[in-house]
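First up is the structure itself, then whatever we jot down about it.
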Amino acid sequence: MTDTPRLSLPVIEAAQAQKHVTHNEALALLDCLTQLAVESRSLAAPPASPAEGGCYIPAASATGAWSGWDNQLALFSGGGWLRLAPVPGLKAWVRDERLTLTYEDGVWRDGIALTANGGRVTLRAKEEEVTLTGAYVETTDAAFIPNRAIVLGVASRTTLAITGAASYGVGTVSNSTQFGDLLGVALGSTNIGVIGPSGVYADTRVRVTANGGSFTAGKVRLVVYFIEMSAPGA
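Using the numbering used here, the first residue of the sequence shown is number 7, and each one after it goes up by one.
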């Protein structure tokens, strides 16, 4: 046997010369695959200055040293790129997206429950900081709460002391206090606006509304927590 059956780690043969080479290669692969964390899955070409030990999931139509490596693992080790074949059930933390993927059926997918034909349930969180001015301010992301999401709540933190208003509410255009009202204007004030799971049927902005006057300064950081589901593939 020259490789282990699951992760294809090289093993030392009986009476092998330069055993340290095989041993060190196996350690490098284990260092990558144990608690796997990849930098990104959005790049189709290798980065110009990769860090030693940096790992990526090459995007579709990968080029250069990654050509033909779509959806595989690209590890920069010893000054060059190594292709690693992911095994079913392997999980990877994607640093630039802050989410966990699972490799199954030949693809990487995020979700807390997956089906063989693309069905999934995903728990998500999105964050945006808004600068306050006027009677109200909405998130710049028009799909801050996406269409067909099941919303669990919106949390808020005052990141810059608010002036011009005595308090504020967090909600949507149809319900300006859905996620909390009379919230604190002092720096560091927080609220966790938990609601019963609520379906949303159109892309929706979150709105911060002034109470007792209009905003003249201040910032609020918002995080929405929601569940998304997908239809199965053909």
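Ideal Cβ placement from N, Cα and C applies to all residues, glycine included. Being a predicted model, the structure only gives us computed values, none of them experimental.
Who are the near neighbours of alanine 216 in its chain, counting only those whose CB is closer than 6 angstroms to its CB and skipping five residues on each side? Here the set comprises Ala141, Ala171, Tyr174.
Buried or exposed by the 16-neighbour rule on C-beta atoms within 10 Å, applied to isoleucine 63: With 16 or more Cβ atoms within 10 Å of its Cβ, isoleucine 63 is classed as buried.
Alpha-carbon to alpha-carbon, alanine 43 and phenylalanine 221: 42 angstroms
Assigned secondary structure, asparagine 181 (DSSP; H/G/I helix, E/B strand, else coil): Three-state DSSP puts asparagine 181 in coil, outside helix and strand.
Inspect the beta-carbon positions of valine 200 and glycine 239 and report whether they are closer than 9 angstroms. no
Could you tell me which of Ala68, Thr137, Cys38, Thr69 sits nearest to glycine 60, measuring between CA atoms? Cys38
Rounded to whole angstroms, what is the Cα-Cα separation between arginine 163 and alanine 122? 40 angstroms
Leucine 166 bridges to which residues according to DSSP? Lys225
Validate contact between the region 195-215 and the region 144-156 using beta carbons, cut 8 angstroms, 3 pairs: yes
Would you call the region 224-234 and the region 129-145 touching, i.e. three or more CB-CB distances under 8 angstroms? yes
Measuring straight from C-alpha to C-alpha, what distance separates leucine 107 and threonine 169? 42 angstroms
Is the region 184-195 touching the region 103-118 in the sense that three or more CB pairs, one from each, lie closer than 8 angstroms? no
Determine the closest residue to isoleucine 233 out of Ser14, Ala119, Leu188, with distance taken between C-alpha atoms. Ala119
Give me the residue from Pro56, Asp76, Ala98, Ala20 with the minimum Cα distance to glycine 85. Nearest C-alpha to glycine 85 among Pro56, Asp76, Ala98, Ala20: Pro56.
Apart from the five residues just before and just after leucine 188, which ones in its own chain have a Cβ nearer than 6 angstroms to its Cβ? Ser173
Go to asparagine 217, then tell me how far its alpha helix (DSSP H) extends in each direction, as first and last residue. Segment 213-217 is the beta strand (DSSP E) holding asparagine 217; no alpha helix (DSSP H) there.
Residue closest to valine 143, alpha-carbon to alpha-carbon, out of Val179, Gly70, Arg130: Val179
Tell me the DSSP secondary structure of threonine 28 in three-state form. Of the three classes helix, strand and coil, the one that applies to threonine 28 here is helix, per DSSP.
Please name the residue or residues paired with arginine 101 in a DSSP beta bridge. As far as DSSP is concerned, arginine 101 takes part in no beta bridge.
Should glutamine 41 be labelled buried (16 or more other beta-carbon atoms within 10 Å of its own) or exposed? exposed
The beta strand (DSSP E) spanning glycine 199 covers which residue range? 196-205
Check whether leucine 81 and leucine 88 have beta carbons under 9 angstroms apart: yes
Tryptophan 75, DSSP secondary structure in three states: coil
Run of the beta strand (DSSP E) containing arginine 154, from where it starts to where it stops: Arginine 154: not part of any beta strand (DSSP E); DSSP gives it neither H nor E.
Who are the Cβ neighbours of glutamine 184 in its own chain at under 7 angstroms, not counting the five residues just before and after it? If we look at glutamine 184 and ignore the five residues flanking it on each side, its Cβ neighbours are Gly177, Thr178, Ile201.
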